[in-house]
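Taken in sequence, the protein lines are chains A, B, C and D. Plus 547 on top of the position in the first sequence (first one is 1) and you've got the working numbering. Plus 21 on top of the position in the second sequence (first one is 1) and you've got the working numbering. Plus 37 on top of the position in the third sequence (first one is 1) and you've got the working numbering. Plus 681 on top of the position in the fourth sequence (first one is 1) and you've got the working numbering. Quick reminder that beta carbons are idealized off the backbone N, C-alpha and C, glycines included. Predicted model, so just to flag it, every value in this text is computed and none were measured.
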Amino acid sequence: MLLIHCPYCEEARPELEFRNGGEAHIARSTSIADESDEAFEAFFFIRTNPKGLVYERWRHIHGCGRFFNAVRDSVTDKFLHVYKAGEAKVEPSALMANLPEHGAYANVPAAELNAKTPARKRATKDGEA
Amino acid sequence: MTAANFRLSGQGRLGSARPVGFSFDGKAYKGVEGDTLASALLANGVHLVGRSFKYHRPRGFLSAGPEEPNALVGIHRDAARRAPNVRATVQELYDGLTAVSQNRWPSLERDVGAVNDLASPFFSAGFYYKTFMWPKDAWARLYEPRIREAAGLGVAPHLPDPDTYAQRFAHCDVLVVGGGAAGLAAALAAAESGQRVILCDEQPELGGALHFENGAVIDGQDGWAWSQSAAAALRARDNVRVLTRTTAFGYYAQNMVGLVERITDHLADPEPTAPRERLWQVRAKKVILATGAIERHMVFADNDRPGIMLASAARTYLNHFGVAVGREIGVFTANDSAYPAAIDLKKAGINIAAIVDLRDNPSGPLVEEARSLGIEINHGRTVVRTGGRLRVTSMTIQPKTGGTERTIPIDALLMSSGWTPSVHLFSQSRGRVAYDEASRRFLPGTYAQDCASVGACNGAEGLAATLAEGYAAGEKALKELGFTAKASRAKVEKAETWGGGMLGAVPGAGPEKIVKAFVDFQNDVTAKDIRLAVREGMRSIEHVKRFTTNGMATDQGKTSNMHGLAIAAEVLDKPIPEIGLTTFRAPYTPVTFGAIVNHAKGELFDPTRRTPFHGWEEAQGAVFEDVGQWKRAWYYPRKGEDMHAAVNRECKTVRTSAGMFDASTLGKIEVVGPDAAKFMELLYTNPWAKLEAGRCRYGIMLREDGFIYDDGVVGRLSDDRFHVTTTTGGAPRVMHHMEDYLQTEFPHLDVWLTSITEQWAVIAVQGPKSREIIEPLVEGIDISDAAMPHMSVREGTICGVPTRLFRMSFTGERGFEINVPADHGRAVWEAVWEEARKHGACPYGTEAMHVLRAEKGYIIVGQDTDGTVTPGDAGLDWAVGKKKTDFVGIRGLKRPDLVAPGRRQLVGLKTVDPKVVLEEGAQIVADPKQPIPMKMIGFVTSSYWSENCGRSIALGLVEGGFERMGETLYVPMADTTIAVEVCGQVFFDEKGERLHG
Amino acid sequence: MRKYSVFAIAREAMRGHKGWEQQWTSPEPRKDYEVLIIGAGGHGLATAYYLAKEHGITDIAVLEKGWLGGGNTGRNTTIIRSNYLYDESAGIYNHALNLWDGLSQDLNYNVMYSPRGVMMLAHNVHDVQVLKRHVHANRLNGVPNDWLTPEEAKEFCPPLNISKQARYPIVGAALQRKGGTARHDAVAWGYARAASARGVHIIQNCEVTAIRRSSNGHVIGVDTNRGPIGAKKIGVVAAGHTSVLMEMAGVRMPLESYPLQALVSEPVKPCFPCVVMSNTVHAYISQSDKGELVIGAGTDQYISYSQTGGLHIINHTLDAICEMFPMFARMKMLRSWGGIVDVTPDRSPILAKTPVPGLYVNCGWGTGGFKATPGSGNVFAHTIANDNPHPINAPFTLERFRTGRLIDEAAAAAVAH
Amino acid sequence: MAEAATTAARRGMLDHRSDVINGVSLVPAAPAYRMSLRARPDDLVALGERLGLALPTRPKTSASAGERHALWLGPDEWLVLDLGGRDPMQDLAGLQVLHSAVDVSHRNTAVLVTGEKAADVINAGCPQDLSLQAFPVGACSRTVLGKIEIVLLRTGEDAFRVECWRSFAEYAFSYLADAARGV
């Protein structure tokens, strides 16, 4: 169970109080009726699904009820940043300094298992997408 | 010490504890309070307690703790309270305990399954992948049932578990896992500034390895005594919670650790209401892991006979329980830690037949002490086999380079190949272990969460280092939390120190020998099985594990994983870290399902939601159906009526007089604010701006993809206030969906949403007499047709309480829906009922409601639509605002496939034989004579007998259905084919005149 | 490939099992292959096997970043069934089921396909409508799926609690008798061995870091941690990691990857004869040959590649199990684990060509991919070999999300896979 | 809602249920006026004046004036409770300030949990930290209890008010009772 900091309640709360709202920063067009099939597909179906920094929406549904955005590392599930709906997206480069080292997880190649400092390269590219 | 009494007076800590009677396999024994089942059986000279999984080999106790792979028994309190696969080394003794052995027939001593041992050359690792394939269906029919019978260990309980379980969410500043010396020191230090500390340990008392390590002196006290006074000091503090018999089984994200506390399993007569176990979900700011280390066995031929056990286990039985595990004991070791066992036993008057030490020149104080006690030490030698069937009787030793064999009679054999740090929880926290080549151990490397490892699990050698690490970690945790306080540190004055050891099989169990040198006892995995797996191409340790099942038994490889890894590495000629380590997964030791479920059983499995009228409905004999979490009155059978008769009567009564229906479960949302209408325009397909206050409209809500999401009648109470209704099942998700759009897409709108589903109880009064029924009760509202036409809403009072009165209909009759504050609902319902019965009306349930609405062709979202249906498909195009430029779903509706011809459309279906009622879900075809697979062009969504129409009626989604009016289609059933005619959706009062009276 | 048989075992038993060959070889990668398959799970290995067996293409490498069969193939609850609603779904899952029946003989590897019956429970009127719709559609599609009363269901599965007093009483069940389970590792190993025997290279610990394309856009190979490898065609069969790989070729996918957990109990003597699924109370359970109760849990709510999930998901699953089988409350959870499942918006897979010439994708199996393994590999091999889908997988395109021609089993049925 | 003029009797969801288990008392709360209030920061003063208390603006806090309490539920959301028979809806009637006031008096039911182990009992199903530092007297929060949503208000060191929707009240009461048996 994750522990999620709600920017409105100004406190970390257990995941049981939250509902994930999928990828963040996918704006609904103000003239959606005129969008092309491709644009609608991109809006409604296509998802970044990154292995690394994921920008996502959460709703504190059993708390303050507010939607907000979070940046989380989808490999470690650690949160790097939370911010209120409507606040500007923080670019990945600004968050990299906070990126925790990825701990051991299943499927670690044997050769890497013993590495004292795990590689950090991966997340940069994914987060930018 | 008599023939069957291995309890030594003056040994151990149980002293003159109260005697306790128990039974094993029907035979009565005596133990003492404080015993485990294992120590009590050993005190009675019983070593044989189980049979292995595959070969059914006789097995005894390997350990004195939770790592036990062999001594698994069933514990039977009564017919329903039967727990399989309980580790006898952990189960505490209580008066009357009944234990039975497992995986044997007809008896533990004479087990027919042991023929597998004779046939073992055929049962090599993974043999089952290579055979049992002919003839084709013989696997499932013939082989698999036999294999299943032979597999498994204990017997699953067959009666519902009568015990209760509890749960607690807890928070603390520092969680210390493990109450040995390291954990005690860490907790003492962390508790110093008053911060919240939880210390848990799986054993009944704190103390950890001090249970057996009896040479230690700390602060002038014996090590055990120090641990008990430290435990008492911690217990005395308000800010410390000490949980014993509590296993930390799982380390989850963000420092959440799952603990399970065993509360009553050690009690003879637990309080009937006391929970058996409690699940703790602890969220800790800091976690300190002091989980210790586990001794490994030696991998040599026939190392599994009862009486062969870990050296530290024998020491625990002696020093804590006062029990000798034999009288003529051999020791086989590759490190110093077995020596104290021999020394302690020797001092207690037990004969040590010989120590066999694989090392060429063992030396040091422990070796010297053993020698000085006159114990024979055979260095540079190995045990090549053991004798005995149900108990070890001899060991045969040989120089490890080969040479003369010598057989030594023994009745127990202690072994130690070194210690494996317990990094299970650290690894579960996703920390990365690092291999320490010098000590051949995996130790905590890179941390992924806010935790620290101290003591033996961190590779600390010796008691002084262990305590120092514990104190330091406790102080560091405090400092990082912003506190400074220093606990006084205890001083270690005397302690044992050992290290080293070996991994893998010993010489003599080498590659060329056809011997059973067990690596994993329970799963009967031998060194040669691991070698075979590598030979067959298994390169990854995960493949080796899965192919051999090494480490997959109930002990999850606590003693076997490192040996398996070392053997695989040796065969592959690669260093151990290159082979990798299998993933550690929760739980650390098996956790009772009941503890995980805890309160969520019976009525607490899922909430049962009842309306304010439920009691009345129940008293009227209503039969209820589950709709989501709600119980809804389904139909009201009178004496002698079946469902069919009751529903027919209810339907008939509504259309001739009136009926009362409980509509309270429908979702209700109050939409309030100056932009309320703008918001409704965006969320529903319909136009709302021009709807006058006091009027209602049927609204359709789509998902962005254009498919129907929900529907309901919406009343406009005033310019800035709408009373929206949703389907019963849809209420929560519609609210969430609306909030999502309001907060994230349309935050500029001045409008708020409030769920009022449960504020209002709703009585639907439907039928030609509905107005007469409610008229005497309503105040302040003119309910004449002229003043209050169909689809309008008024606020006033009924029976003296406020009401929102809707004139609306889901039956096609004149109808009202009376909303009253829920606590008043029952009284108002009863008042309306008093009026209603004067007119011959009746209550009706959801089934009659379904029939009545189907007669009118009104859809039920979720039954006549299924998430792939557009308003156009459902014949509801009229409800989509054609001039609107935006609403949720407007773009989705225009997608190519949603405007393509041939979509499934909702139509009426009349069976050619009017008496035949179609089955809901039945498929429709155009050509019934085609071969299978048939081309299905639709299916029946709703189907009923309509008493009012005098025939069956049905709705269905049919490809191009609107163009097929009058066409005959077919519903092929298993035994017959039913012809149906496609018709309009409305079966009754097609012009809708009855709505208006 | 030396044939496995009871006689081979007897021969080897006499000589200490010294004569067994490697089940598959572990060659160094060559510079070029005709076809690269990325992902050595069941689907990827089956694809390679059928390319070799049915299409005569043996110049294939299967690249695996970890160990073969270590992803969802080795982490699922091994349920096999084909009683899906839509013709398209029934088509592919039934194709798979037909291949399961006989797969051990085809591969000369006992995959332990055990048609013990998969029973799906109905707890209310809506469930009955949904499951009956399946039963009827299945019958007309030639997929036997029987409707049972609660009493018949209990007879088939004696531990079932059919009390009317249960919170969600069982009111009926649909039973596909040919459904059942198979041994997951054996499926990966059996395909690996059979493919390797036909010359396919299986290259483990080989992670793809880039997909290379020529100036005209056609794929030409990949970069890996073991160097570049050229190829004319590339099939991506990477389950949870599909989005990451397709991104390397510039294709954005309609996929999200979620953690899916499962657990087993300690082993006990046979007590559970079939597979039982309940979508209303969210429970999926069977008993393995070893005696463990195998229990599928739900997905976590957020995307993740962590292969772990929350304890509360396990709580919910066991609530449901103990509600339906109250005698199991004293059983113990032995092991729990997580996989990464890739989920499409309509919960149906994508098995198709992509906008990039020479690049093919097989993904989106969500929580139900194991059962499709042979069928999926078989038609995906056809798709790669012919640069054109097999009629069975033709509907499972990427384009359907643009046109709206979805195969929405979940929406249509409220039935989880 | 003019209670005095009511002819239809009132019947609560938890009538006749109350219990003392292991020193923890579980009692259904008396009927109360409840109002869901939504408003923007600029309008809080005007609303507070009408209601007779300053609406709290810090998360997890409540404000009280006599028998009336305003619980912060979200940045624009309050649950106003009146246990003294004064209907807050009436107080806001006609107020020309942007807000939404909705009567939810009957939507919710409450259980009063008191006793030394009250927090432990609630923590059997509520995952929040209920220590006095983290959740002092007067603190309030919407959160969960087992499988339902609740609004929790700490009314004393050993006393809580657990509000939930009325059809969940039986579940809440039973959960708390089961938890009390297990503490």
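State the Cα-Cα distance for the pair A:Tyr652 and C:Val224, rounded to the nearest angstrom.
In this predicted model, A:Tyr652 has a pLDDT of only 29, less than 50, meaning its place in the structure is not dependable; the value taken from the coordinates is given anyway. Rounded to the nearest angstrom, the two C-alpha atoms are 24 Å apart.
Would you call B:Gly36 buried or exposed, if buried means 16 or more other Cβ atoms sit within 10 Å of its Cβ?
exposed
Per DSSP, the bridge partner or partners of B:Tyr762
B:Tyr762 pairs with nothing; no bridge assigned.
Three-state class that DSSP yields for B:Ser60 in the structure shown
helix
Give me the chain B residues within the contact set of C:Ala47, using Cβ-Cβ distance strictly less than 8 Å, ordered along the chain.
Phe143
Of all Cβ atoms in chain B, is any one closer than 7 Å to the Cβ of C:Pro310?
no
Which residue wins for smallest C-alpha separation from B:Arg974, given the options B:Arg336, B:Leu939 and B:Arg631?
This sequence places Ile at residue 974 of chain B; Arg is not what is there. Minimum Cα distance to B:Ile974 is reached at B:Leu939.
Contact the segment 75-88 of chain C vs the segment 99-119 of chain C: 3+ CB pairs below 8 Å
yes
For the segment 711-742 of chain B, which residues have a beta carbon sitting closer than 7 Å to at least one beta carbon of chain A?
Glu725 and Asp726
Which ranges does the beta strand (DSSP E) cover as unbroken runs of at least 3 residues, wholly within the segment 168-252 of chain B, from first to last along the chain?
186-198 and 218-221
At the 7 Å Cβ level, is A:Lys598 part of the contact set with chain C, yes or no?
yes
Own chain, CB closer than 6 Å to C:Gly108, minus 5 neighbours either side, in chain order
Gly78 and Ala276
According to the Cβ coordinates, are B:Phe614 and C:Ala334 closer than 7 Å?
no
On the criterion of 16 or more Cβ atoms from any shown chain inside 10 Å, does B:Lys936 qualify as buried, or is it exposed?
exposed
Is C:Phe362 buried or exposed, if buried means 16 or more other CB atoms sit within 10 Å of its CB?
buried
Look up B:Leu29 in the DSSP assignment and say whether it is helix, strand or coil.
coil
7 Å CB neighbourhood of B:Glu923 in its chain, flanking five on each side removed:
A small fix is needed here, since residue 923 of chain B is Gly in this sequence, not Glu. Cβ within range, chain order: Glu980 and Gly981.
Return the CA-CA distance between A:Glu603 and B:Trp781, expressed in angstroms with no decimal places.
36 Å
Since B:Gly522 and B:Asn356 are thought to touch, with beta carbons under 8 Å apart, how far apart are those beta carbons, to the nearest angstrom?
4 Å
From B:Leu264 to B:Phe645, what distance separates their C-alpha atoms?
46 Å
Just by C-beta distance, which residues in the segment 772-791 of chain D are closer than 7 Å to chain B?
Leu779, Ser781, Val783, Asp784, Val785, Ser786, His787 and Arg788
Residue of B:Ala305, B:Glu282 and B:Pro528 minimising C-alpha distance to B:Arg402
B:Pro528
As an exercise, report each continuous alpha helix (DSSP H) stretch of at least 4 residues that is fully enclosed by the segment 402-429 of chain C, in chain order.
410-423
Using beta carbons (cut-off 7 Å, strictly below), is D:Phe849 in contact with chain B?
yes
Return no unless some Cβ of chain B is closer than 7 Å to the Cβ of A:Gly650.
Confidence in A:Gly650 is poor, its pLDDT being 36 and thus under 50, which makes the residue's placement unreliable; the coordinate value appears in the next sentence. Cβ-Cβ to chain B under 7 Å: yes for A:Gly650.
CA-to-CA distance, B:Phe626 to C:Arg289, given in whole angstroms
41 Å
Is the segment 84-94 of chain B touching the segment 49-66 of chain B in the sense that three or more CB pairs, one from each, lie closer than 8 Å?
yes
Between B:Met681, B:His757 and B:Gly715, which has its C-alpha nearest B:Ala857's C-alpha?
B:Met681
Could you name the residues of the same chain whose beta carbon sits closer than 6 Å to that of B:Arg972, not counting the 5 residues immediately before and after it, in chain order?
Pro935
Kindly list, in the order they appear in chain A, the residues whose Cβ is closer than 8 Å to that of B:Glu766.
Arg575
Does C:Gly347 come within less than 7 Å of chain A when only Cβ atoms are used?
yes
DSSP three-state call for B:Ala269: helix, strand or coil?
strand
Using the rule of at least 16 other Cβ atoms within 10 Å of the residue's Cβ for burial, across every protein chain shown, is A:Met548 buried or exposed?
buried
Mind checking the segment 271-285 of chain C against chain A and listing, in chain order, the residues whose C-beta falls within less than 8 Å of any C-beta there?
His278, Ser280, Val281 and Glu284
How would you list, in chain order, the residues of chain D whose beta-carbon sits under 7 Å from the beta-carbon of B:Gly750?
Neighbours of B:Gly750 on chain D: none; closest Cβ ~14 Å, over 7 Å.
Taking the straight line between their C-alpha atoms, what separation do you get for B:Pro430 and B:Met330?
16 Å
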